[in-house]
Amino acid sequence: MSTRILNTPTASVRVYADADELALEAARRFARLADQYVGERGRFTVALSGGSTPRGMFTILANEPFVDTVPWSSIFVFWGDERTVPPDHQESNYRMANETLLSRVRVPRENIFRIPAEGRSPDFAAAAYAESLAQTLDCSTGLPRFDLILLGMGPDGHTASLFPFTTALHVIDRICVANHVGRLQTYRITLTRVSINEARNVTFLVSGADKAEALKAVLEGPAEPYRYPSQLIRPRDGSLLWMADEAAASLLEGC
Ligand code: 6PG
Numbered sequence: 045m046s047t048r049i050l051n052t053p054t055a056s057v058r059v060y061a062d063a064d065e066l067a068l069e070a071a072r073r074f075a076r077l078a079d080q081y082v083g084e085r086g087r088f089t090v091a092l093s094g095g096s097t098p099r100g101m102f103t104i105l106a107n108e109p110f111v112d113t114v115p116w117s118s119i120f121v122f123w124g125d126e127r128t129v130p131p132d133h134q135e136s137n138y139r140m141a142n143e144t145l146l147s148r149v150r151v152p153r154e155n156i157f158r159i160p161a162e163g164r165s166p167d168f169a170a171a172a173y174a175e176s177l178a179q180t181l182d183c184s185t186g187l188p189r190f191d192l193i194l195l196g197m198g199p200d201g202h203t204a205s206l207f208p209f210t211t212a213l214h215v216i217d218r219i220c221v222a223n224h225v226g227r228l229q230t231y232r233i234t235l236t237r238v239s240i241n242e243a244r245n246v247t248f249l250v251s252g253a254d255k256a257e258a259l260k261a262v263l264e265g266p267a268e269p270y271r272y273p274s275q276l277i278r279p280r281d282g283s284l285l286w287m288a289d290e291a292a293a294s295l296l297e298g299c
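Numbering (the numbering used here), first residue to last: 45 to 299.
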């Protein structure tokens, strides 16, 4: 395992040789946190990221040894964001996670809380999801608090569905909103910065050379959070860990 720690002014980054090592280490971290929180609190609440990066990690978790060793029956699964498509659509974040992981492990179906993004108005979907968060998660700090939120980052520095210069970036009085993304000409349902920053642990998984410029801008560039929304992610009382492969981290200089 050729891992290096790269410290930037705003965060430390664990850098792995390639996407496969990144996926394996992300799976190991998921399993460690699941064991920790199930041991401490009797359950583990996690919001999965969307896109393609987590596919490798999900596949590893669905196979030996993790398929038998992770306390799946005590895990509650959510998403950080969802596209406004049906759950069987090829663009659905739920579909990808269900096909690669959730249909292969023993998470009780009643512990899986997908974002009901299809059909209804996006605002209705966001409100319904926010209600399920409030009813299910620990809200002792006044906001729903995940044990772990997994995040990806786009080549434009977006995370979840907090895209550059979109209205959701400014929302601090709601935990989940419908966000119109002009560049994509669609709505997305997304956790807001306040609910992400309430998590006990936030982990970014970033892979690929196409993310290198954005990762450098986010971690080593000036503060431009509305241009690079991943800069908005700074947990109030939780850990922030960046995990990247060498290709994505190739432009980072560290300090
Ligand atoms: C989504 C994600 C989004 C994703 C990044 C990275 O719904 O698309 O939640 O934030 O994590 O766009 O996507 P890739 O992993 O496909 O590069």
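Where is the CB? At the ideal position from N, CA and C, for every residue including glycine.
Problem - Residues of its chain near V6, where Cβ-Cβ distance is below 8 Å and the 5 sequence neighbours each way are ignored - result: Residue 6 lies beyond the residue range present for the chain, which begins at 45 and ends at 299; the question has no answer from this structure.
Exercise for the section: Just grab the DSSP bridge partners of W123 for me. Expected result: In the DSSP assignment, W123 is bridged to L92.
Exercise for the section: Using three-state DSSP, classify N142 as helix, strand or coil. Expected result: In the structure shown, N142 sits in a helix (DSSP, three-state: H, G or I).
Exercise for the section: Look at the Cβ atom of V121, then the Cβ atom of N155, and state whether they are nearer than 8 Å. Expected result: Judged by their CB atoms, V121 and N155 are nearer to each other than the 8 Å cut-off.
Problem - Of the residues S118, R280, I240, the one placed nearest Q80, counting alpha carbons only - result: Closest by alpha carbon: S118.
Exercise for the section: Count the other C-beta atoms from every protein chain shown that fall within 10 angstroms of the C-beta of S96, then say buried if there are 16 or more, exposed otherwise. Expected result: With fewer than 16 other Cβ atoms within 10 Å, it is exposed.
Handout entry: Closest by C-alpha distance to R310, when choosing among S283, A258, S176, P279
Key = This structure leaves residue 310 out entirely; the chain is present only between 45 and 299.
Exercise for the section: Mind checking who R58 pairs with in its DSSP beta bridge? Expected result: R58 pairs with I49, M287.
Problem - First and last residue of the uninterrupted alpha helix (DSSP H) at R189 - result: Element bounds for R189: n/a, residue is neither H nor E.
Problem - Whether A78 touches V114 by CB criterion (8 Å) - result: One thing to note: A78 has its Cβ within 8 Å of the Cβ of V114.
Exercise for the section: Locate the alpha helix (DSSP H) running through Y173, then write down its first and last residues. Expected result: Going by DSSP, Y173 is part of the alpha helix (DSSP H) stretching over 166 to 180.
Practice task
Check whether the Cβ of N137 lies closer than 7 Å to any heavy atom of ligand 1, and answer yes or no.
Solution key: Checking every heavy atom of ligand 1 against the Cβ of N137, one is found closer than 7 Å.
Practice task
Give me the Cα-Cα distance between W286 and F248, rounded to the nearest whole angstrom.
Solution key: Cα-Cα distance, rounded: 5 Å.
Handout entry: Cα-Cα separation, A222 to R72
Key = Cα-Cα distance, rounded: 32 Å.
Practice task
Under 8 Å Cβ to Cβ from L105, same chain only, skipping five residues before and after it: list those, please.
Solution key: Cβ within range, chain order: A71, F74, A75, V111, V114, L145, V149.
Handout entry: Sequence-distant residues of its chain with Cβ nearer than 8 Å to G282 (five each side left out)
Key = Exclusion of the five residues before and after G282 leaves N241, E242, A243, R244, N245, V246 as the residues of its chain whose Cβ lies within less than 8 Å of its Cβ.
Handout entry: Per-residue DSSP class, three states only, for N137
Key = Of the three classes helix, strand and coil, the one that applies to N137 here is helix, per DSSP.
Practice task
Could you tell me the boundaries of the alpha helix (DSSP H) in which V262 lies?
Solution key: First-last of the alpha helix (DSSP H) with V262: 256 to 264.
Exercise for the section: Flag R127 as yes when its Cβ comes closer than 7 Å to any non-hydrogen atom of ligand 1, and as no otherwise. Expected result: Checking the Cβ of R127 against ligand 1 gives yes.
Exercise for the section: Ignore the nearest five residues each way along the sequence and tell me which others in N51's own chain have a CB closer than 8 Å to its CB. Expected result: Same-chain partners within the cutoff: V57, G298, C299.
Problem - Check whether L276 and L213 have beta carbons under 8 Å apart - result: Yes. Within cutoff.
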